[in-house]
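Numbering (the working numbering), first residue to last: 9 to 313.
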């Protein structure tokens, strides 16, 4: 993936990011470095052995560096004398359900970690970009959480409001989305699971024959970040969504029409399951790639060609 943008003064700005070892954060990091941005990520000490990130630092020694920490005290110590213009929070711990002993991990990853960072760098930054989920809004608008993960994302947004009151010059953006996809995706989501099982000739169990998903491509998501970095857009909560849902039954049928070896699936019901309509504003000057289904289909066709 390589998104090209015209050179501008923002390339000289310093960006602090979290979650660069995760899927979305890592793809943004690579894209931004290719496009000439200067980035610093803050990582837990265990990521010193991350070969992918170590290689990136060798390729981009002047524009990419990492700060490592063992505890929250070290975050303050390593950030307090640093200057950044923008902060992008990709860090997240996601599970659709939780057990009692996982609650602390959710809170530390989704609330405590970004809060400690903001408390340290708040007066120095100009923009904050934070990622949430439409699972925070099961009615499409209000803060009614689908699961504990979503509730921790909402809790951090409340804390973010407190920080914004302390520095009213900051522009902040909470970007909410339903689902994301990339050809490189190995997350435990439906499309990557379908693809993995297809290669292994295994059956994929799907909750309903009438399941619909609203999916945006990771390239579209990254484009939204560049837009916020480079344009003067009003602070607020925005939904990144596709104009069309992907009907999973139709997707599988279309793929199988062009495969000699069909996808094996087992549907558990005929229940109609659609994403709740969003009443949040769509990000200005941005649109999703409405041909997302074609991109997904191409992934399977490439496997047999």
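Here a beta-carbon is modelled for each residue, glycine too, at the ideal position from N, C-alpha and C.
Self-check item: Other residues of its chain near residue 259: CB distance less than 8 Å, five sequence neighbours each side excluded
Solution: Result list for residue 259: 301, 304 and 305, in chain order.
Quiz item: If we ignore side chains and look at the alpha-carbon of each, how far apart do residue 10 and residue 184 end up?
Solution: For residue 10, the predicted model reports a pLDDT of 44, less than 50, meaning its position is unreliable; a value from the coordinates is still stated below. Approximately 23 Å, taken between the alpha carbons.
Quiz prompt | Residues of its chain near residue 161, where Cβ-Cβ distance is below 7 Å and the 5 sequence neighbours each way are ignored | solution = Hits under 7 Å: 118, 140, 141 and 144.
Quiz item: Considering only residues of the segment 147-200, which uninterrupted beta strand (DSSP E) runs meet the minimum length of 3 residues and lie entirely inside it, listed in chain order?
Solution: Whole beta strand (DSSP E) segments, 3+ residues: 179-185 and 187-189.
Quiz item: Can you list, in chain order, the residues of its chain whose CB lies under 7 Å from that of residue 232, leaving out five sequence neighbours each side?
Solution: Around residue 232: 183, 248, 291 and 294.
Quiz item: Between which two residues does the beta strand (DSSP E) carrying residue 211 extend?
Solution: Residues 211-214.
Practice problem: Leaving aside the five residues before and after residue 195 along the sequence, list all residues of the same chain whose C-beta is less than 7 Å from its C-beta, in chain order. | Solution: Once the five neighbours on either side are set aside, the close Cβ partners of residue 195 are 31.
Quiz prompt | Reduced DSSP category for residue 297 - H, G, I as helix; E, B as strand; rest coil | solution = DSSP places residue 297 in coil when its eight states are reduced to three.
Quiz prompt | For residue 274, the first and last residue of its enclosing beta strand (DSSP E) | solution = Residues 272-275.
Quiz item: Secondary structure at residue 103, three-state DSSP: helix, strand or coil?
Solution: DSSP places residue 103 in coil when its eight states are reduced to three.
Practice problem: Identify the continuous alpha helix (DSSP H) that holds residue 259 and give its terminal residues. | Solution: It spans 256-264 - the alpha helix (DSSP H) in which residue 259 sits, taken as one unbroken run.
Exercise. Under 8 Å by Cβ, that's how I've got residue 220 and residue 256 pegged, so tell me the actual separation to the nearest angstrom.
Key: Under the criterion of beta carbons closer than 8 Å, residue 220 and residue 256 qualify as touching, at roughly 7 Å.
Quiz prompt | Buried versus exposed call for residue 124 [16 or more other C-beta atoms within 10 Å across all chains shown] | solution = Buried, by the Cβ-count rule.
Quiz item: Which first and last residues belong to the alpha helix (DSSP H) in which residue 61 is found?
Solution: From DSSP, the alpha helix (DSSP H) with residue 61 extends over 59-67.
Quiz prompt | Residues that DSSP places opposite residue 220 in a beta bridge | solution = Note: residue 220 sits in a beta bridge opposite 255.
Quiz item: Rounded C-beta distance between residue 24 and residue 178? I'm assuming under 8 Å.
Solution: At roughly 13 Å, the Cβ-Cβ gap does not stay under 8 Å, so residue 24 and residue 178 are not in contact.
Quiz item: Which residues share a DSSP beta bridge with residue 109?
Solution: BP columns for residue 109 are empty, so no partner.
Quiz item: Could you give the distance in angstroms between the alpha-carbon of residue 298 and the alpha-carbon of residue 251?
Solution: Going by the C-alpha atoms only, they are around 6 Å apart.
Quiz item: Starting from residue 128 and walking both ways along the alpha helix (DSSP H), at which residues does that stretch end?
Solution: Counting along the chain, the alpha helix (DSSP H) containing residue 128 begins and ends at 121-129.
Quiz prompt | Option in 96, 186, 43 and 309 with minimal Cα separation from residue 168 | solution = For residue 168, the nearest C-alpha among the options comes from 96.
Practice problem: Tell me, please, whether the segment 63-78 touches the segment 30-50 by the rule of three or more beta-carbon pairs shorter than 8 Å. | Solution: With a cut-off of 8 Å, the segment 30-50 and the segment 63-78 count as touching, because enough Cβ pairs lie within range.
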